[in-house]
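Peer 1:
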Amino acid sequence: MTAITDPTTPRRTRSRARTTGSLLSLGALLATSVTSTALLTAAPATAAETLLSQGRTATASSSEGAAWGASAAFDGDLTGTRWASQWNDAQWIQVDLGSSKDVSRVVLNWEGAYGKAYDIQLSDNGSDWRTVKSVTVGDGGTDDLAVTGTGRYVRLQGVTRGTGYGYSLWEFQVYGGGNAQPEPGGAVRVSGTQGNWRLTVGGQPFTVKGVTWGPAMADAPRYMPDVKSMGVNTVRTWGTDAGTKPLLDAAAANGVKVINGFWLQPGGGPGSGGCVNYVTDTAYKSNMLTEFAKWVDTYKSHPATLMWNVGNESVLGLQNCYGGTELEAQRNAYTTFVNDVAKKIHSIDPDHPVTSTDAWTGAWPYYKRNAPDLDLYSMNAYGDMCGVRQDWVDGGYTKPYIITETGPAGEWEVPDDANGVPDEPTDVQKADGYTKAWNCVTGHQGVALGATVFHYGIEHDFGGVWFNLLPDGLKRLSYYALKKAYTGSLAGDNTPPVISGMTVTPAGSAPAGGEFTVRADVRDPDGDPVTTKILLSGNYANGDKRLIDTPFRSLGNGTFAVTAPEKLGVWKVYVQAEDGRGNVGIETKSVKVVAPPVAGTNIALNRPTTASSAQASYGDCPCPATNATDGNTGTRWASDWSDPQWIQVDLGSAKPIRTLQLVWDPAYAKSYDVQVSDDGNTWRTIHSTTTGNGDIDTVTTSTTARYVKLQLTARGTGWGYSLHEFGVYS
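Heads up, the sequence shown is in the working numbering, so the first residue is 696 and it goes up one at a time.
1) Measuring CB to CB, does Ala1309 end up less than 8 Å from Ser1334?
2) If you follow the alpha helix (DSSP H) that Asn1027 is part of, which residue opens it and which one closes it?
3) Below 6 Å CB to CB, which residues in the same chain sit around Gln816 once its five sequence neighbours on both sides are set aside?
4) At which residues does the beta strand (DSSP E) containing Met1074 begin and terminate?
5) Inspect the beta-carbon positions of Gly844 and Val798 and report whether they are closer than 8 Å.
6) Give, in chain order, every unbroken run of the alpha helix (DSSP H) that is at least 4 residues long and sits entirely within the region 1152 to 1214.
7) Quick check on the DSSP output: the beta strand (DSSP E) that includes Gly1347 runs from which residue to which?
8) Quick one: what does DSSP say Asn1065 is sitting in, helix, strand or coil?
9) If you count every other CB in all the chains shown that lies within 10 Å of the CB of Glu1023, and 16 or more means buried, which is it?
10) Apply the 10 Å Cβ neighbour rule to Val832 and answer buried if 16 or more other Cβ atoms are within range, or exposed otherwise.
11) Which residue from Trp892, Ala945, Thr932 and Tyr862 puts its Cα closest to that of Asp839?
12) Exposed or buried, Asn1327, counting other C-beta atoms within 10 Å across all chains shown (16 or more means buried)?
13) Ordered along the chain, which non-local residues of its own chain (more than five positions away) have a Cβ less than 8 Å from that of Arg847?
14) Is the beta carbon of Gly1389 within less than 7 Å of some heavy atom of the ligand FAD?
15) Please state whether the Cβ-Cβ distance between Gly1102 and Ile1194 is less than 8 Å.
16) Could you spell out where the alpha helix (DSSP H) holding Tyr1427 opens and where it closes?
17) Using CA atoms only, rank isn't needed, just tell me which of Gly807, Gly969, Lys1038 and Tyr1174 is closest to Met925.
18) Less than 8 Å between the beta carbons of Ala1207 and Ala1290, yes or no?
19) If you drop the 5 nearest sequence neighbours on each side, which residues of the same chain put their C-beta closer than 7 Å to that of Met912?
20) Would you call the CB atoms of Ile1352 and Val1293 closer than 8 Å?
21) Does DSSP classify Trp1133 as helix, strand or coil?
22) Answer yes or no: do Thr1056 and Met1002 have a C-beta to C-beta separation smaller than 8 Å?
23) Does the structure place the region 906 to 921 close enough to the region 991 to 1002 that three or more beta carbon pairs sit under 8 Å?
24) Return the chain-ordered list of same chain residues with a C-beta closer than 8 Å to the C-beta of Met1080, the five sequence neighbours on each side being excluded.
25) When the Cα atoms are used, what is the spatial distance from Leu1164 to Thr1296?
26) Candidates Lys1039, Ser1417, Pro1191 and Pro1110: which alpha carbon is nearest Trp1359's?
27) Please state the DSSP three-state secondary structure of Val985.
28) Can you have a look at Arg1379 and say buried or exposed, based on whether 16 or more other CB atoms are within 10 angstroms of its CB?
29) Would you please verify whether the beta carbon of Leu1177 is less than 8 Å from any beta carbon of chain C?
30) Look up Tyr862 in the DSSP assignment and say whether it is helix, strand or coil.
31) Just verifying my parser: in three-state terms, what is the DSSP assignment at Pro900?
32) Would you mind working out which of Thr977, Pro1317 and Gly1141 sits nearest Leu894, comparing C-alpha positions?
33) Nearest to Ala808 by CA position, among Gly950, Ile788, Ser780 and Thr1305, is which residue?
34) Quick one: Cα of Asn1388 to Cα of Asn1015, how far?
35) Any contact between the region 1215 to 1222 and the region 1267 to 1286? By contact I mean 3 or more CB pairs, one from each, below 8 Å.
36) Give me the DSSP bridge partner(s) of Pro1117.
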């Protein structure tokens, strides 16, 4: 998860290597442009609809007060005004369209107090009503209902409330003139007018409520029922090939759709997967076009296919491959190629839309200029998800979009903690992040057509804990936050333990191999007994993203003594609480592991130091011998990559020596001797080992000498020998 910036163009929403404003009301948006039409796939499309209800006379059975009258549900303001009824079931709200109209669709944008069961009714005279749609399992959010009928008056008749409050609608929209009849074969369309688009499947409205797919494709039959139970109707992939079929089959069996992805270099943001030249490499483009066409033809008739997604974050990622005018040429060439792919897909499959994903709204001008054959845009956005709407407005775009990855703030978006590493949000903050992201998507009604949030993954590692909804198959607060966003209810669910107030002491100076203290308050909302574990990740210390068990002991009252690793650097500490019901709470803080203190004075500090060799230019080098005696564990001596090698320090005069502390880099010595001398010529060995394992070696002795040497005879790695510190204590 590497941060990338581009100061010349609109906001970067995220950048991550793959396996990452103000609101405008719909009424204002519709008023700005009502004539341009979204690009449709090359097949018979539904007729454009007209919004019939906005600003029309409205009445209701009751309201909570003058500020929540019936007219507020028809004023075009999706987030600022609302109708709210009294707190009982038999409530209604209706609108007078002025004359008899053909009605094709009703959109209800619920506030938190929603209708679980209700009827949509039509009337010619406002007295005699006929029901054209009944809903019995409403879940709040946005209900987009296809209806067929004619009438002057349209009424929502409440039957059962979904909460203890009344009924409350931000907006009640009635549309006419559209053809809501199912299309043969369940064709997927992007239809509508500027700022008033919708996605349909077989003619029926479809809002993408999705997740990105993490488990193996072959495991889809195992996990897809759970995905469905969350209210998910779509999963997204990044690649499509022969191995995709088990996922598609399992999705179809559970009534779930799939956004089939196609990978292009440099996908995933920072140059991952290579840096192809889109201006000159015609062979690469030809091969990809042929490959993609093959799988489109293979899966175009699969009932799970929803749309095709060409590329992932490559417009942003190209800045890690090129610069200046060449970068501009590559971005234009890339998006032009995406358009070539879109045209090819449409020629093979006219019944499914084509989109392309990036992680930076600054990519959209390139698509607008070079890729007119895309049916809609796509964006990966995390902590800045709510800014996408304003960027869309400011850019004057004429296509809708979906969010193909979103969730809580990532590494690249959060401030660093006291140890200089990204401060990971808490479980509660992550859950809130998913809720906020979904609200931002649904808030851009008529333009944002849904989202696939990141990530339905099961990896139990550094990245998995940051983003996965069920690491190691265990459900966490974020899982349930998303389920509530998609279904409106968690009734009957047993939910995870909640961890709060986690602290690490000392956070900035835990001694290697010693103990530090972790404290956390753990509560289970269902009263389940909780099992607590302590885990560590060396992602920032040695690049190992795994979570490893570490020795710890309970001190009572939510406090634990934890054994620090031997490897110096910043580690992540995880408190993991499991309830035995398949749920988990995980909280994490960082700890800086330092060399343990040594009694006495470091008599080697800044003394003349020499070595058999030193790396002049590799990685962070030059790495001279003097770096090993400068008292700074951030610098190192590094030898040539051969055996044997040596490093020695001149103490200036014969001095008593009691302890040596060797702080190794990962390039350590497996076998070495510690030797001392009075004259720098005649040496005597005071310590030998053939089982060195790196990290920190502490050697105790009782001798007197002027010179101290490490005679290094066998490396522990394929590199040379490397020491951060060579301490000699009197």
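Heads up, the beta-carbon is just placed ideally off N, CA and C, and yes, glycines get one too.
Peer 2: Quick answer:
1) For the purposes of this step, residue 1309 is identified with residue 614 of the sequence shown, where counting begins at 1. For the purposes of this step, residue 1334 is identified with residue 639 of the sequence shown, where counting begins at 1. Yes; because the gap between Cβ atoms is below 8 Å, this pair is in contact.
2) On the sequence shown, position 332 is the one that residue 1027 refers to. That run of the alpha helix (DSSP H) goes Gly1019 to Ile1043.
3) Counted from its first residue, the sequence shown places residue 816 at position 121. Here the set comprises Trp824, Thr826, Arg850 and Gln852.
4) By one-based count along the sequence shown, residue 1074 stands at place 379. Unbroken beta strand (DSSP E) run through Met1074: Tyr1072 to Asn1075.
5) Counting from one through the sequence shown, the residue named residue 844 turns up at place 149. Counting from one through the sequence shown, the residue named residue 798 turns up at place 103. Closer than 8 Å, so yes.
6) 1157 to 1162 and 1172 to 1182
7) The residue given as residue 1347 occupies position 652 in the sequence shown. Element bounds for Gly1347: Gln1340 to Trp1359.
8) Position 370 of the sequence shown, counted from the start, is the residue given in the question as residue 1065. If DSSP states are grouped into helix, strand and coil, Asn1065 belongs with the helices.
9) As a working mapping, residue 1023 is identified with position 328 in the sequence shown. Per the 10 Å Cβ criterion, exposed.
10) If you number the sequence shown from 1, residue 832 lands on position 137. Around the CB of Val832, fewer than 16 other CB atoms lie within 10 Å, so the residue is classed as exposed.
11) Against the sequence shown, residue 839 aligns to sequence position 144. Comparing Cα positions, the closest option is Trp892.
12) Counted from its first residue, the sequence shown places residue 1327 at position 632. Exposed, since its Cβ has fewer than 16 Cβ neighbours within 10 Å.
13) Numbered from 1 along the sequence shown, position 152 holds the residue referred to as residue 847. So the qualifying residues of the chain are Asp791, Leu792, Gly793, Ser794, Ser795, Lys796, Ser818, Asp819, Asn820 and Gly821.
14) Absence of the ligand FAD is noted for the structure shown, with no ligands found whatsoever.
15) The sequence position of residue 1102 within the sequence shown is 407, counting from 1. The sequence position of residue 1194 within the sequence shown is 499, counting from 1. Going by C-beta atoms, Gly1102 is not nearer than 8 Å to Ile1194.
16) In the structure displayed, the chain extends from 696 to 1425; residue 1427 sits before or after that span and is not available.
17) The count along the sequence shown starts at 1 and reaches residue 925 at position 230. If we check each option's Cα against that of Met925, Tyr1174 comes out closest.
18) Position 512 of the sequence shown holds residue 1207. Position 595 of the sequence shown holds residue 1290. It is a contact, given that the beta carbons lie within the stated cut-off.
19) Working through the sequence shown from its first residue, we reach residue 912 at position 217. Apart from sequence neighbours up to five positions away, the residues of its chain that approach Met912 with a beta-carbon distance below 7 Å are Gly938, Thr939, Pro941 and Leu942, ordered along the chain.
20) Translated into the one-based positions of the sequence shown, residue 1352 becomes position 657. Translated into the one-based positions of the sequence shown, residue 1293 becomes position 598. No; because the gap between Cβ atoms is not below 8 Å, this pair is not in contact.
21) Translated into positions along the sequence shown, residue 1133 becomes position 438. Helix, per DSSP.
22) The residue labelled residue 1056 in the question sits at position 361 within the sequence shown. The residue labelled residue 1002 in the question sits at position 307 within the sequence shown. No, these two residues do not count as a Cβ contact at 8 Å.
23) no
24) The residue given as residue 1080 occupies position 385 in the sequence shown. Closer than 8 Å at Cβ, skipping near neighbours: Thr708, Ile1098, Thr1101, Lys1131, Ala1132, Cys1135 and Val1136.
25) On the sequence shown, position 469 is the one that residue 1164 refers to. On the sequence shown, position 601 is the one that residue 1296 refers to. So the alpha carbons of these two residues sit roughly 51 Å apart.
26) In the sequence shown, the residue the question calls residue 1359 occupies position 664. Comparing Cα positions, the closest option is Ser1417.
27) Along the sequence shown, read from residue 1 onward, the residue named residue 985 stands at position 290. In the sequence as displayed, the identity of residue 985 is Thr instead of Val. DSSP places Thr985 in helix when its eight states are reduced to three.
28) As a working note, residue 1379 is residue 684 in the sequence shown. By the 10 Å Cβ count, Arg1379 comes out exposed.
29) Although the question refers to chain C, the structure presented lacks it and comprises just one protein chain.
30) Taking the sequence shown and counting its residues from 1, the one referred to as residue 862 is at position 167. Of the three classes helix, strand and coil, the one that applies to Tyr862 here is coil, per DSSP.
31) Taking the first residue of the sequence shown as position 1, residue 900 is located at position 205. Here Pro900 sits in strand by DSSP.
32) Numbered from its first residue, the sequence shown carries residue 894 at position 199. Of the candidates Thr977, Pro1317 and Gly1141, the one whose C-alpha sits nearest the C-alpha of Leu894 is Gly1141.
33) Taking the first residue of the sequence shown as position 1, residue 808 is located at position 113. Among Gly950, Ile788, Ser780 and Thr1305, the Cα nearest to that of Ala808 is on Ser780.
34) Start at 1 with the first residue of the sequence shown, and residue 1388 comes out as number 693. Start at 1 with the first residue of the sequence shown, and residue 1015 comes out as number 320. In this structure, the alpha-carbon of Asn1388 lies about 37 Å from that of Asn1015.
35) yes
36) Stepping through the sequence shown from its first residue, residue 1117 is reached at position 422. DSSP lists Asp1111 as partners of Pro1117.
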